[in-house]
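This report concerns only the one structure given below.
2 protein chains.
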Amino acid sequence: MSKQRVGILHPGQMGVVVAETLRNSGQEVCWASEGRSRETCQRASAAGLTDAGSVAWLCEICAVIVSVCPPEFAEGLAREVTGHGFRGLYIDLNAISPDRAGRIRGLVTSRGGSFLDGAIIGMPARARGQTWIYVAGENASPAAAYFCGGPLEFEVLGEESGQASALKMCFAAHSKGIAALQAAVLGAAQSLGVEKALERQWTRSGPSFERVAESLRQAAPKAWRFAGEMREIADTFESAGIPKGFPAAAWEVYEKLRPFKGAGLPELAAIFEKLKE
Amino acid sequence: MSKQRVGILHPGQMGVVVAETLRNSGQEVCWASEGRSRETCQRASAAGLTDAGSVAWLCEICAVIVSVCPPEFAEGLAREVTGHGFRGLYIDLNAISPDRAGRIRGLVTSRGGSFLDGAIIGMPARARGQTWIYVAGENASPAAAYFCGGPLEFEVLGEESGQASALKMCFAAHSKGIAALQAAVLGAAQSLGVEKALERQWTRSGPSFERVAESLRQAAPKAWRFAGEMREIADTFESAGIPKGFPAAAWEVYEKLRPFKGAGLPELAAIFEKLKE
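Listed in order, the protein sequences are those of chains A and L. Anchor point for the first sequence: position 226 equals 226 in my numbering, and the numbering is continuous, going up by one each time. Anchor point for the second sequence: position 97 equals 374 in my numbering, and the numbering is continuous, going up by one each time.
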């Protein structure tokens, strides 16, 4: 397969690892610096990405566009890209509901482009075997060549578009759902004055209080992003006929922790205070 | 300390282990067979408990009464006991909110009795070091002698009544909350057709799909009891100023699984079906 020009929107912390994987697979990776932050510019430059300047020009020069953004922007970004007349392959790797993936697919294909449903599970990994890109749909197999070089792993889930998004929703409902539940439990324990007693009981039966507290502190600065994801999961559960109380509860917790965006690791006490607001 | 006559209401699966601990600590343990099931009668008889016949007579002959029942019956049981004129020490070991424990305390002490707030964390254990009775309040230290013999462990949390209930609420919010969340996640994965894909991803990152599925099957026959507990936890979180979405969501899930009461281990498919009703 010959070298393709692939556009990445946008090279955030995860996007840049996707870009690295595309480059390691032999593709030229472009991005659009217009309106992006200084951090993103530095990240893209350090990763050796070609700056196309605007999204409009990116859409002009790329055969493939890969979307990696917070879930609430996924549909708007697809609209922007199709609005610029893009007719190549649009790969959506965002944490969105299968229904939203279906709407984006409809938008892209109605404008003459092709669509591939995808999702990323794991952290922005620099080593192989840690984080997976899953895709599903009729364009899955040809896309494999773009992502063979690592560090992200690549797996085709099948021919049915929406399955990659569905898997992501279920996985995140569990991992980020538990993290939010633990935030609420620790907050209640602190508020009720039994934090130390809970720590002692957990020493006896598990989980590790220290690990739970640490993962809560790690999650807080990313809560603004998780909140949008939880809304997508609630929609997904509803479509699946499953009670959506858990993602809705996680959404509420992460909304309350939204102010920690961009901050360093907060103290537990600060997290509990926000939870109670 | 001389041998006391302690009444247990009721010797269910957990109650009988509490009774065994009381007996191992040198107490005579009584119960009331009136209106109880054949299983409970056999259990009490096998455990060497003295049958007082009625709750009224049990209240007459016992210096201490220990309450172990589903949370929704805890307050009614205390009313029944005080209604019979009981003026001894009433130990409530149920999974109830600190507010409800406070109401029961008020009821017992207003009738001239003493009250001790307590809770049990763990399974009905036959060996030491697995399950803890926690108590809190001004009658905690004198009660220690009743529970020193195992197999249940005993710990005084302090002088503040309600702390044992609060600890139980937080612990169960986590353990049984996660179990309910996992039920919803597996149900969604099955409904969306990504159950196998989730199993494969969990093999890579954890948790163990098999263990989650097994603990869900184990929980389903006990869901009717967990449902009441989750309502208590929702009340507790609300009083503590913490979002109560998680226990409310768990309550909804366990309510849907209520029909598995008294059944053997159900198949996952049957659980998913109930979840979607």
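Even glycine gets a Cβ: it sits at the ideal position worked out from N, Cα and C. In this text the structure is predicted, and so the values were computed from the model without any measurement.
1) Would you give the residue range spanned by the alpha helix (DSSP H) that A:Val-16 belongs to?
2) For L:Glu-529, return the contacting residues in chain A, with the cut-off set at a CB-CB distance below 7 Å.
3) Check the Cβ of A:Lys-276 against every Cβ in chain L and list those closer than 7 Å, keeping chain order.
4) With 16 other CB atoms within 10 Å as the buried threshold, where does L:Leu-542 fall?
5) In its own chain, which residues sit with a C-beta less than 7 Å from the C-beta of L:Glu-487, not counting the 5 before and 5 after it?
6) Can you look up L:Gly-284 in the DSSP assignment and give me helix, strand or coil?
7) Under 9 Å between C-beta atoms, does L:Gly-501 make it to chain A?
8) Using the beta-carbon count (16 or more within 10 Å), is A:Thr-109 buried or exposed?
9) Comparing alpha-carbon positions, which option in A:Asp-235, A:Ala-220, A:Pro-98 and A:Asp-99 lies nearest A:Phe-259?
10) Using the beta-carbon of each residue, which ones in chain A are nearer than 8 Å to L:Gln-459?
11) On a Cα-Cα basis, can you pick out the residue from L:Ile-410, L:Gly-439, L:Glu-337 and L:Glu-316 that is closest to L:Asp-376?
12) Do the region 81 to 97 of chain A and the region 52 to 60 of chain A make contact, defined as three or more Cβ pairs closer than 8 Å?
13) Could you name each continuous alpha helix (DSSP H) segment of 4 residues or more that falls completely within the region 181 to 262 of chain A, going from the start of the chain to the end?
14) Between which two residues does the alpha helix (DSSP H) holding L:Cys-336 run?
15) Counting only beta-carbon separations shorter than 9 Å, does L:Ala-526 have a partner in chain A?
16) If the cut is a Cβ gap below 8 Å, which residues of chain A does L:Phe-514 touch?
17) Report all residues from its chain with a CB closer than 7 Å to the CB of L:Gly-406; omit the five preceding and five following residues, and keep chain order.
18) Where does L:Gly-383 sit, in a helix, a strand or coil, going by DSSP?
19) Among L:Glu-491, L:Leu-463, L:Ala-351 and L:Ala-504, which has the Cα closest to the Cα of L:Arg-380?
20) Along chain L, in chain order, which residues have C-beta atoms closer than 8 Å to that of A:Leu-285?
21) Alpha carbon to alpha carbon, what distance is there between A:Lys-276 and A:Cys-170?
22) What is the rounded straight-line gap between the Cα of A:Ala-164 and the Cα of L:Gly-483?
23) Report yes if the CB atom of L:Cys-307 is closer than 9 Å to the CB atom of L:Gly-284, and no otherwise.
24) By alpha-carbon positions, which one of A:Ala-19, A:Gly-118 and A:Gly-245 ends up nearest to L:Lys-533?
25) So which residues of chain L does A:Trp-132 contact, with C-beta pairs closer than 8 Å?
26) Please report the straight-line C-alpha distance between A:Ser-191 and L:Ala-517, rounded to a whole angstrom.
27) Could you say which of A:Asn-94, A:Ile-178 and A:Lys-222 lies nearest to A:Ala-248 if we only look at CA atoms?
28) Given L:Leu-493, which residues of its chain have a CB within under 8 Å of its CB, disregarding the five upstream and five downstream residues?
29) Out of curiosity, what's the CA-to-CA distance linking A:Glu-160 and A:Glu-273?
The answer reads as follows:
1) 13 to 24
2) Pro-243 and Gly-245
3) Gly-518 and Ile-519
4) exposed
5) none
6) strand
7) Here residue 501 of chain L is Trp; the residue named in the question, Gly, does not match the sequence. No, its Cβ sits nowhere closer than 9 Å to a Cβ of chain A.
8) exposed
9) The question names Phe, but residue 259 of chain A in the sequence shown is Pro. It is A:Ala-220.
10) His-174
11) L:Gly-439
12) yes
13) 195 to 205, 209 to 219, 223 to 240 and 245 to 256
14) 332 to 338
15) yes
16) Ala-184 and Ala-188
17) Glu-430
18) helix
19) L:Ala-351
20) Shown here, chain A extends from 1 to 277; a query on residue 285 of chain A therefore has no answer.
21) 28 Å
22) 18 Å
23) yes
24) A:Gly-245
25) Gln-478 and Arg-481
26) 6 Å
27) A:Ile-178
28) Ala-456, Gln-459, Ala-460, Leu-463, Leu-545 and Ile-548
29) 44 Å
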